[in-house]
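A.B. asks: For the numbering used here, count along the sequence shown from 1 and bump the result up by 26. Here a beta-carbon is modelled for each residue, glycine too, at the ideal position from N, C-alpha and C. A quick note: this is a predicted structure, and the numbers were derived from the prediction, not measured. Submitted below is the structure of interest, expressed as structure tokens.
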Amino acid sequence: MAFNNALNRMIKKAKVKRKRITPHGLWHTHATILLNQKTSVITVAKRFGNTPEEVYKTYGLSDDQADKKAATVFSSMISI
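Following this line, the structure appears as structure tokens:
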């Protein structure tokens, strides 16, 4: 409970508009931020005690720019 109390004090001090932020929510936010900043999935998996497959399954995020680049690369490979 000490962690939750400290977290709630920080939230109040920061004037966060969200009603409730949990340690579990911070866990997911942490992983999402790392992945969005291009941290290796293997590194994230090790940090969270998961396999890379589990990280993909849980956080299966799609980067729109990376997706567009993949489509362009594939299109250029199959164009005649």
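Terminal residues of the continuous alpha helix (DSSP H) containing MET103?
C.D. replies: To locate residue 103, count along the sequence shown from 1; it is residue 77. Residues 90-104.
A.B. asks: With 16 as the cutoff for other CB atoms within 10 Å, does LEU52 come out buried or exposed?
C.D. replies: Along the sequence shown, one-based indexing puts residue 52 at 26. Classification for LEU52: exposed.
A.B. asks: Residues in its own chain within less than 8 Å of LEU61 by CB, not counting five upstream and five downstream?
C.D. replies: Reading the sequence shown from its first residue, position 35 is the one you call residue 61. Closer than 8 Å at the Cβ level, and outside the excluded window around LEU61, lie VAL67, VAL70, VAL81, TYR85 and LEU87.
A.B. asks: May I ask you to report which of helix, strand or coil DSSP gives ARG35?
C.D. replies: Here residue 35 refers to the residue found at position 9 of the sequence shown. Of the three classes helix, strand and coil, the one that applies to ARG35 here is helix, per DSSP.
A.B. asks: Closest to ALA28 by CA distance: which of ALA57, PRO49, ASN76 and VAL42 is it?
C.D. replies: Within the sequence shown, numbered from 1, the residue matching residue 28 stands at position 2. Looking at the Cα atoms, PRO49 is the closest of the given residues.
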